[in-house]
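Student:
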Amino acid sequence: MKPIENIDDVILALNSIIEESLRTGSTLGYFAVLYQKVTIKVKEEIQNNYFDDGPRMEKLDVVFAKRYIDAYFAGKNNPVTHSWNIAFTEAKNNNHLVVQHLLLGMNAHINLDLGIAAAEISNNTNIVELEDDFKRINEILASMVDEVQNGLSSIWPFLRKLLLWLGQADNFLVDFSMKIARDGAWNFAKEIVAVDKNDWPETIKVRDKKVADKTRLITDPGKVLNFLFQIIRWTERGTVADKIQKLRR
Numbered sequence: 747m748k749p750i751e752n753i754d755d756v757i758l759a760l761n762s763i764i765e766e767s768l769r770t771g772s773t774l775g776y777f778a779v780l781y782q783k784v785t786i787k788v789k790e791e792i793q794n795n796y797f798d799d800g801p802r803m804e805k806l807d808v809v810f811a812k813r814y815i816d817a818y819f820a821g822k823n824n825p826v827t828h829s830w831n832i833a834f835t836e837a838k839n840n841n842h843l844v845v846q847h848l849l850l851g852m853n854a855h856i857n858l859d860l861g862i863a864a865a866e867i868s869n870n871t872n873i874v875e876l877e878d879d880f881k882r883i884n885e886i887l888a889s890m891v892d893e894v895q896n897g898l899s900s901i902w903p904f905l906r907k908l909l910l911w912l913g914q915a916d917n918f919l920v921d922f923s924m925k926i927a928r929d930g931a932w933n934f935a936k937e938i939v940a941v942d943k944n945d946w947p948e949t950i951k952v953r954d955k956k957v958a959d960k961t962r963l964i965t966d967p968g969k970v971l972n973f974l975f976q977i978i979r980w981t982e983r984g985t986v987a988d989k990i991q992k993l994r995r
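Heads up: the sequence shown begins at 747 in the working numbering, then just goes up one per residue.
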């Protein structure tokens, strides 16, 4: 794979993951499709001068995306963060719903990788200049929730209605994936940029454990949702490749 130097390289690398997932029937393709859509949106907004500093945001996008892409290609043979290791391991669990696989990726990437990426392109003095654009990119990341809901409607159209009926949709799809992640990622960025570079590995390790622990909210969300998800899993339409293609539309 060619070196990733700009946002177009990111889009191409994500496409490679999607195509490999289609060939192998890997559920890891679900998150890659969603992430590619968001990356294309970020590119469009950079071109539309949505951000205060477009070049800085492209740099953040590249550094951010590389953490996922590097983890994906390294995960088969080399150690990755605990958060990504869980996401990759759980990808082999055929009992999980598509939305659970998506949220496992979002958990590792937003709750851990985003803060690290923001710190890597900043220092303790200028990180404050990034805050407004950081919030803007999080608004785009929030669209991932809408993409989940819209993209999955052709796979199991009654999921959102059932979750709303049970009063669980906001907690499971929105509160976990976005509200906690947004504030946590920015606070973590400020935390890590404030410590000596030599202390980054330990700081990241502590954060990684906390993020990894959150996966239990996704893989085991409680008796009611577990029961409901079992029913929905039986009614999901198509193969893994079919579902990837439906999300890709």
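Where a beta carbon is used, it is the ideal one built from N, C-alpha and C, also for glycine.
Would you mind reading off the limits of the alpha helix (DSSP H) that contains Glu-875?
Tutor: That residue, Glu-875, is in no alpha helix (DSSP H); it is neither H nor E in DSSP.
Student: Please return the same chain residues whose Cβ sits closer than 7 Å to the Cβ of Ala-946, not counting the five positions on each side in sequence.
Tutor: Reading off the sequence shown, one finds Trp at residue 946, where the question assumed Ala. Excluding sequence neighbours, Trp-946 sits near Ile-938.
Student: Assign Asn-839 to one of two classes, buried (16 or more other C-beta atoms within 10 Å of its C-beta) or exposed (fewer than that).
Tutor: Exposed, since its Cβ has fewer than 16 Cβ neighbours within 10 Å.
Student: If Ile-883 and Met-803 are in contact, beta carbons under 8 Å, what's the gap, nearest whole angstrom?
Tutor: At roughly 7 Å, the Cβ-Cβ gap stays under 8 Å, so Ile-883 and Met-803 are in contact.
Student: Do Leu-860 and Ala-931 come within 8 Å of each other at the CB atom, strictly closer than that value?
Tutor: Closer than 8 Å, so yes.
Student: For the alpha helix (DSSP H) holding Lys-772, just list the boundary residues, first then last.
Tutor: One detail in the question is off: residue 772 reads as Ser in this sequence, not Lys. Neither: Ser-772 is in no alpha helix (DSSP H) and is coded neither H nor E.
Student: Do you know whose CA, among Glu-948, Leu-849, Ile-990 and Lys-881, lies nearest Thr-965's CA?
Tutor: Selected option, being the one with the closest Cα: Leu-849.
Student: Grouping DSSP H, G and I as helix and E and B as strand, with all else coil, what is Arg-995?
Tutor: Coil.
Student: Round the Cβ separation of Ile-990 and Ile-764 to the nearest angstrom and send it over; I've been treating them as touching at under 8 Å.
Tutor: Ile-990 to Ile-764, Cβ: 7 Å. Contact.
Student: At 4 residues or longer, what runs of the alpha helix (DSSP H) sit wholly inside the region 778-851?
Tutor: Runs found: 800-820 and 828-836.
Student: Three-state secondary structure (DSSP) at Val-952?
Tutor: DSSP places Val-952 in helix when its eight states are reduced to three.
Student: Could you tell me the distance, in whole angstroms, from the CA atom of Asp-807 to the CA atom of Ser-767?
Tutor: Cα-Cα distance, rounded: 23 Å.
Student: Going by the CB atoms, is the gap between Val-788 and Leu-1012 shorter than 8 Å?
Tutor: No answer is possible for residue 1012: it lies beyond the span of the chain, which begins at 747 and ends at 995.
Student: By the DSSP assignment, the alpha helix (DSSP H) with Gly-861 in it spans what residues?
Tutor: Note, Gly-861: alpha helix (DSSP H), 860-866.
Student: Any idea what DSSP makes of Arg-983, helix, strand or coil?
Tutor: Looking at Arg-983 - three-state DSSP - the assignment turns out to be coil, as it is neither helix nor strand.
Student: Exposed or buried, what is Val-845 when buried is set at 16 or more other beta-carbons lying within 10 Å of its beta-carbon?
Tutor: Buried is the call here.
Student: Within a Cβ cutoff of 6 Å, which residues of the same chain sit near Ile-950, ignoring the five residues on either side of it in sequence?
Tutor: Within the same chain, Ile-950 has no close Cβ partners at all.
Student: Hey, is the region 788-801 in contact with the region 753-763, meaning 3+ C-beta pairs nearer than 8 Å?
Tutor: Because the criterion of three Cβ pairs below 8 Å is met, the region 788-801 and the region 753-763 touch.
Student: Would you say Ala-863 and Val-957 are within 8 Å of each other, going by their C-beta atoms?
Tutor: Cβ distance not < 8 Å, so Ala-863 and Val-957 don't count as in contact.
Student: For Lys-943, count the other beta carbons within 10 Å of its own beta carbon; 16 or more makes it buried, fewer makes it exposed. Which is it?
Tutor: Burial call: exposed.
Student: Once you ignore the five residues that flank Thr-770 on each side, which residues in its own chain have a CB closer than 6 Å to its CB?
Tutor: Correct list: empty, nothing qualifies.
Student: For the candidate residues Phe-975, Glu-948, Arg-995 and Lys-955, whose alpha-carbon lies nearest to that of Ser-829?
Tutor: For Ser-829, the nearest C-alpha among the options comes from Lys-955.
Student: If you check the beta carbons only, do Arg-953 and Leu-858 fall under 8 Å apart?
Tutor: Closer than 8 Å, so yes.
Student: Rounded to whole angstroms, what's the CA-CA distance from Met-852 to Asn-761? Just pull it up for me.
Tutor: Whole-angstrom Cα-Cα distance: 18 Å.
Student: Using the Cα positions of Val-826 and Asn-752, report the straight-line distance between them to the nearest angstrom.
Tutor: Their Cα atoms are separated by approximately 23 Å.
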